[in-house]
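So the sequence shown is residues 112 to 478, counted in my numbering.
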Amino acid sequence: MKRLNSTPKKDGFRMPAEFEKHRGTYIIWPERPDNWRNGGKPAQKVFTEVASIIGKYEQCTMLVKRDQYSNARGMLPPYIRVIEMSNDDSWVRDCGATFVINDQGELRGIDWTFNAWGGLVDGLYFPWAEDDKVAQKMCELEGADRYRLDDFVLEGGNIHVDGEGTAMVSEECMMSPGRNPELSKEEQEKMLKEYLNVEKVLWIPKGVYLDETNGHVDNICNFVRPGELVMAWTDNQNDPQYAISKEVYDYLVNETDAKGRKFIIHKLHIPNPVIITKEESEGVDAVDGTLPRNEGDRLAASYVNYYTGNGFVLLPVFDDPHDKDAKELLQKLYPNRVIETVSAREILLGGGNVHCITQQVPEPIKK
Ligand code: KQY
Numbered sequence: 112m113k114r115l116n117s118t119p120k121k122d123g124f125r126m127p128a129e130f131e132k133h134r135g136t137y138i139i140w141p142e143r144p145d146n147w148r149n150g151g152k153p154a155q156k157v158f159t160e161v162a163s164i165i166g167k168y169e170q171c172t173m174l175v176k177r178d179q180y181s182n183a184r185g186m187l188p189p190y191i192r193v194i195e196m197s198n199d200d201s202w203v204r205d206c207g208a209t210f211v212i213n214d215q216g217e218l219r220g221i222d223w224t225f226n227a228w229g230g231l232v233d234g235l236y237f238p239w240a241e242d243d244k245v246a247q248k249m250c251e252l253e254g255a256d257r258y259r260l261d262d263f264v265l266e267g268g269n270i271h272v273d274g275e276g277t278a279m280v281s282e283e284c285m286m287s288p289g290r291n292p293e294l295s296k297e298e299q300e301k302m303l304k305e306y307l308n309v310e311k312v313l314w315i316p317k318g319v320y321l322d323e324t325n326g327h328v329d330n331i332c333n334f335v336r337p338g339e340l341v342m343a344w345t346d347n348q349n350d351p352q353y354a355i356s357k358e359v360y361d362y363l364v365n366e367t368d369a370k371g372r373k374f375i376i377h378k379l380h381i382p383n384p385v386i387i388t389k390e391e392s393e394g395v396d397a398v399d400g401t402l403p404r405n406e407g408d409r410l411a412a413s414y415v416n417y418y419t420g421n422g423f424v425l426l427p428v429f430d431d432p433h434d435k436d437a438k439e440l441l442q443k444l445y446p447n448r449v450i451e452t453v454s455a456r457e458i459l460l461g462g463g464n465v466h467c468i469t470q471q472v473p474e475p476i477k478k
């Protein structure tokens, strides 16, 4: 497949919203023992559950390293497509392709530079060279030509779009020194507009408290549909999350989208703090250069990190009293989708959640 020198905007391609129709979903199999406890075994069970749920609604592809191929193939149901692919870890939202479509029914991919959430400044592991090739390989599998950005670092977890000209990113992440320190906010906004083909970028001030990605937008805010948002919230004013969520809310109530609409904002209360136990911490190999998982550390748990697919929403739950309200709210907001849930503690222990481990391929539709 070709590497393109143009931009999606110039070529008439746009990133569709996640809630538009999908051709399928990609996931990468977890195994690295310095991020996933007990050699990835508990996480593999949960990733299998996630893939099995998604695969009921749309094609689901699991990318897996050579040594784990047979194990993954054996654990996953036959309706999951399993493909061997080198990688450094299992965050396809971030290292995978961001797909764009046009009105002629064509699909292309954007291949941002991936540097493990901050490179040598504050990246979460080293090296990341195999992850940085995942987007290209996904484009090959999908038969999609590719826009490669050698000099622009971005992860899919810091992008949401409404499909009608509006994107949102977190400013905390975009402006962090490990991403594109040589570019101003205005220059980065220009890039986002050119590659996502949007007219308006919302700069959400911050991400969830202690989010190790420098505050990805996909943990704090999402478009339910154009003009309507959910955001992570807490009523507990003593929780450091409160000030962050308040700042985000105050920003959003004063903003409009690309079409000039004010937003309807829904507050999705976070679960009670999720803390790493001694046993969980001891199950992870300590390796220089990889973020340690220490006993007592709080994880960035949020229901907003859900995934929207064809006819369903997959919501992470935490065995927490807030689970029920989160599910009820989402069912109200998505009346035509099944709200599926997955106990997501094992994914969270790795540093992300359901949205971070999935990447959609949109269905290109001829208009
Ligand atoms: O998108 C994410 N939340 C990924 C986090 C990476 C964690 C690596 N330990």
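We treat Cβ as the ideally placed atom computed from N, Cα and C, and that holds for glycine.
So, for residue i: in the same chain, excluding its five sequence neighbours on each side, which residues have a beta-carbon less than 7 Å away from its beta-carbon?
i, result
"Asp273", "Ala128, Phe334, Pro337, Asp368"
"Thr159", "Met186, Leu187"
"Pro141", "Trp147, Gly151, Ala154, Gln155, Phe158, Ser201, Gly461"
"Lys378", "Met342, Trp344"
"Trp239", "Asp199, Phe225, Asn226, Ala227"
"Thr419", "Glu129, Phe130"
"Thr277", "Val309, Lys311, Leu313, Asp368, Ala369"
"Asn347", "Tyr353"
"Ser392", "Arg404, Asn405, Glu406"
"Gly216", "Pro475, Ile476, Lys477"
What residues in its chain sit with their C-beta under 6 Å from that of residue i, if we drop five residues either side in the sequence?
i, result
"Ser413", "Val319, Asn330, Ala343, Ile381"
"Asn213", "Gly123, Phe124"
"Asn383", "Asp431"
"Met285", "Gln299"
"Leu321", "Arg409, Ala411"
"Leu115", "Asp256, Tyr258"
"Phe237", "Gly400"
"Tyr362", "Pro316"
Taking the straight line between their C-alpha atoms, what separation do you get for residue i and residue j?
i, j, result
"Cys250", "Thr118", "16 Å"
"Tyr353", "Val415", "15 Å"
"Pro153", "Lys478", "44 Å"
"Leu465", "Lys121", "It should be pointed out that residue 465 corresponds to Val in this sequence rather than to Leu. Rounded to whole angstroms, Val465 to Lys121 spans 33 Å at the Cα level."
"Lys248", "Asn349", "46 Å"
"Tyr306", "Val264", "13 Å"
"Thr345", "Val364", "17 Å"
"Ile262", "Trp314", "Here residue 262 turns out to be Asp, not Ile, going by the sequence shown. Taking the straight line from one Cα to the other gives about 21 Å."
"Val328", "Lys296", "16 Å"
"Glu275", "Glu457", "35 Å"
"Leu444", "Val309", "24 Å"
"Asp436", "Asn421", "23 Å"
"Ile375", "Lys176", "43 Å"
"Gly371", "Gln179", "49 Å"
"Asn149", "Pro351", "31 Å"
"Met126", "Val211", "4 Å"
"Val280", "Ile468", "18 Å"
"Glu366", "Val395", "42 Å"
"Glu323", "Val428", "20 Å"
"Met302", "Pro292", "14 Å"
"Thr388", "Leu235", "20 Å"
"Ser454", "Asp434", "10 Å"
"Gln470", "Lys113", "21 Å"
"Tyr360", "Glu195", "43 Å"
"Gly166", "Arg448", "15 Å"
"Ile164", "Leu459", "18 Å"
"Tyr417", "Gly463", "11 Å"
"Ile270", "Val398", "30 Å"
"Cys332", "Glu339", "11 Å"
Which residues in the same chain have their Cβ closer than 8 Å to the Cβ of residue i, if we skip the five residues on either side of it in sequence?
i, result
"Ile386", "Gly407, Asp408, Arg409, Leu410"
"Ile450", "Phe423, Val424, Leu426, Lys438, Leu441, Gln442"
"Glu198", "Rather than Glu, the amino acid found at residue 198 in this sequence is Asn. These residues qualify, in order along the chain: Ile139, Leu174, Lys176, Cys206, Glu241, Asp242, Val245."
"Thr452", "Leu425, Leu426, Pro427, Val428, Asp434, Lys438"
"Ser181", "none"
"Glu358", "Pro316, Lys317"
Output yes or no for whether 8 Å exceeds the beta carbon distance between residue i and residue j.
i, j, result
"Ile138", "Val245", "no"
"Cys171", "Ala162", "yes"
"Gly289", "Asp233", "yes"
"Glu283", "Lys304", "no"
"Thr224", "Leu260", "yes"
"Glu253", "Leu218", "yes"
"Asn325", "Ser356", "no"
Does any residue of chain D bring its CB to less than 8 Å from the CB of residue i?
i, result
"Gln179", "Absence of chain D from the displayed structure is noted, only one protein chain being present."
Give a single yes or no on whether residue i has its beta carbon closer than 7 Å to a heavy atom of the ligand FAD.
i, result
"Gly268", "Although the ligand FAD was asked about, the structure shown includes only the ligand KQY as ligands."
The segment 130–139 contacting the segment 455–475, beta-carbon criterion three pairs below 8 Å: yes
Contact the segment 394–412 vs the segment 144–154: 3+ CB pairs below 8 Å: The segment 394–412 vs the segment 144–154: in contact.
contact_flag[the segment 179–198, the segment 220–234] where n(CB pairs < 8 Å) is 3 or more: no
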